[in-house]
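Undergrad: For reference, the structure I am asking about is given below.
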Amino acid sequence: LARHLASHGLTVAAIEHPGSDIKAVTAAVNKGNLSNLMPASEYVELPKDVSFVLDELAKLNTQSGAFQGKLNTDNVTAIGHSLGAYTALALVGGEVNIGELRKYCQDSVGVGQAPGDWLQCAAAKLPDQKLHLADQRVKSALALNPLIGSLFGKTGLNQVTKPVLILTGTEDSLTPSLTHQLRPFTQLHGTKYLLTAIGGTHLSIGDPANIANIATTTTIVKERLGSETQPLRQLLQGVSLAFIKQQTNEAKIYQPFLTPAYAQSLSTSALPLRLNSELPGSIKPWLEFVMTY
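Converting from the sequence shown to the numbering used here requires adding 128 to each position, the first position being numbered 1.
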């Protein structure tokens with residue numbers, strides 16, 4: 129995805145967060161030690177890492193050298209997967225509610241919960257009740273299979289008025305679609321898109337060359353990878369580029385790639401793909417019912 133965006137003239141800064149990346153998460157899943165995977169402070173440091181990188185790039189933009197005058201650090205789209213997607217949402221204004229998260233972790237987390245439900249509880253040890261980690265330079269967010277759960281509480285995402293695209297996979301057993309993507313999607317108040325991979329899993333969007341070894345070492349989570357999920361990765365490239373271009377003077381040119389028809393054109397019987405700006409009417413009543421419990 130990074131190479132695809134860069135090939136269209138966009139500046140891409142790919143940030144790795146050691147200790148909370150997919151390798152660390154997968155290892156923790158296998159050990160059953162998710163709530164102690166990382167220090168609580170990581171949920172604060174992840175967004176700050178991005179802000180730090182933007183600060184450094186802004187310096188490069190003003191200094192003599194290859195990057196002078198070529199970097200626009202005031203019109204940024206944050207793209208993240210899983211915990212990285214949480215980071216992206218925090219950067220566009222999502223308010224982290226530690227009080228609500230702590231109550232959820234005390235009352236609701238138990239045997240049978242998804243790994244993501246346990247993993248979020250690492251943040252419950254933070255002393256602050258609410259965290260504001262937004263960076264005004266980040267104008268939009270692509271949140272891919274985000275780990276959200278109760279991190280933003282019931283209203284924390286209501287603060288987000290910037291454009292957001294959320295990817296969900298209906299067979300994601302690490303961050304289940306209902307609590308980590310669908311319910312949060314309804315709380316967003318700005319321009320928003322929901323990209324759905326029916327049958328997709330948590331790692332379906334990953335580059336097979338990078339995640340094949342990781343996925344095969346996971347003992348309790350089954351992943352759909354390889355050629356059958358290639359249409360999803362192709363769709364994500366087109367949709368991501370079009371989404372980012374909406375912040376430029378080329379918005380109209382790329383708008384056709386942000387339509388249900390474009391998603392349908394790459395959909396297969398093995399992996400149906402959908403793109404919506406609102407939840408389908410058939411899902412809303414069911415979701416509202418579930419959210420009351």
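Glycine included, C-beta positions come from ideal geometry on N, C-alpha and C.
Taking 8 Å as the cut-off, decide whether the C-beta atoms of GLY284 and GLN248 are in contact.
TA: no
Undergrad: What residue from LEU302, THR205 and LEU306 has the CA that sits closest to THR139's CA?
TA: Checked all of LEU302, THR205 and LEU306; the closest Cα to THR139 is THR205.
Undergrad: By a C-beta neighbour count over all protein chains shown, 10 Å radius and 16 as the cutoff for buried, is PHE313 buried or exposed?
TA: buried
Undergrad: If we count the other Cβ atoms within 10 Å of its Cβ and call it buried at 16 or more, is GLU378 buried or exposed?
TA: exposed
Undergrad: If you run the structure through DSSP and keep just helix, strand and coil, what is VAL266?
TA: strand
Undergrad: Go to GLU170, then tell me how far its alpha helix (DSSP H) extends in each direction, as first and last residue.
TA: It spans 170 to 190 - the alpha helix (DSSP H) in which GLU170 sits, taken as one unbroken run.
Undergrad: Using a Cβ-Cβ cut-off of 6 Å (strictly less than) and excluding sequence neighbours within five positions of VAL292, which residues of its own chain qualify?
TA: ALA269, LEU316 and LYS320
Undergrad: Give the range of the alpha helix (DSSP H) segment to which HIS132 is assigned.
TA: 130 to 135
Undergrad: With a threshold of 8 Å, are at least 3 pairs of Cβ atoms found where one atom belongs to the region 363 to 383 and the other to the region 297 to 310?
TA: no
Undergrad: DSSP state of LEU386, grouped into three classes?
TA: In the three-state reduction of the DSSP assignment, LEU386 falls in the helix class.
Undergrad: What separation, rounded to the nearest whole angstrom, lies between the Cα atoms of GLU356 and HIS209?
TA: 20 Å
Undergrad: Per DSSP, what kind of secondary structure is VAL292 in: helix, strand or coil?
TA: strand
Undergrad: Using only alpha-carbon positions, find the residue among LEU302, GLN383, PHE371 and SER179 that is nearest to LEU261.
TA: Ranking LEU302, GLN383, PHE371 and SER179 by Cα distance to LEU261 puts SER179 first.
Undergrad: Quick check on the DSSP output: the alpha helix (DSSP H) that includes VAL367 runs from which residue to which?
TA: 358 to 373
Undergrad: Could you check whether ALA252 and LEU185 sit closer than 8 Å to each other, using their CB atoms as the reference points?
TA: no
Undergrad: What residues are listed by DSSP as bridge partners for GLU223?
TA: HIS260
Undergrad: Could you give the distance in angstroms between the alpha-carbon of PRO255 and the alpha-carbon of TRP246?
TA: Rounded to whole angstroms, PRO255 and TRP246 show a C-alpha spacing of 18 Å.
Undergrad: Take the Cβ of ASP263 as the centre, count every other Cβ of all protein chains shown within 10 Å, and call the residue buried at 16 or more, exposed below.
TA: buried
Undergrad: Compute the beta-carbon to beta-carbon distance between GLY244 and HIS145, rounded to the nearest angstrom, for a pair I have assumed lies under 8 Å.
TA: 16 Å between Cβ atoms; not a contact.
Undergrad: Between which residues of its own chain and GLY318 is the CB-CB distance below 7 Å, once the five residues before and five after are set aside?
TA: VAL288, THR289, LYS290, PRO291 and VAL292
Undergrad: I need the straight-line Cα distance from GLY212 to VAL181, nearest angstrom please.
TA: Computed Cα separation, rounded: 15 Å.
Undergrad: Starting from LEU247, trace the alpha helix (DSSP H) both ways and give me its first and last residue.
TA: 243 to 247
Undergrad: Report the rounded CA-to-CA distance for LEU217 versus ASN273, giving the unit in angstroms.
TA: 12 Å
Undergrad: Assuming contact is defined by CB atoms lying nearer than 8 Å, are THR303 and ARG402 in contact in what I supplied?
TA: no
Undergrad: For THR329, which of LYS198, ALA134 and PRO400 has the nearest alpha-carbon?
TA: PRO400
Undergrad: So the alpha helix (DSSP H) ARG402 belongs to, where does it begin and stop?
TA: From DSSP, ARG402 is part of no alpha helix (DSSP H) but of the beta strand (DSSP E) over 401 to 404.
Undergrad: Pull up the distance between the alpha-carbon of GLN358 and that of GLU223, whole angstroms please.
TA: Answer to the nearest angstrom: the Cα atoms are 34 Å apart.
Undergrad: Note the first and the last residue of the continuous alpha helix (DSSP H) segment covering THR314.
TA: The continuous alpha helix (DSSP H) containing THR314 extends over residues 311 to 315.
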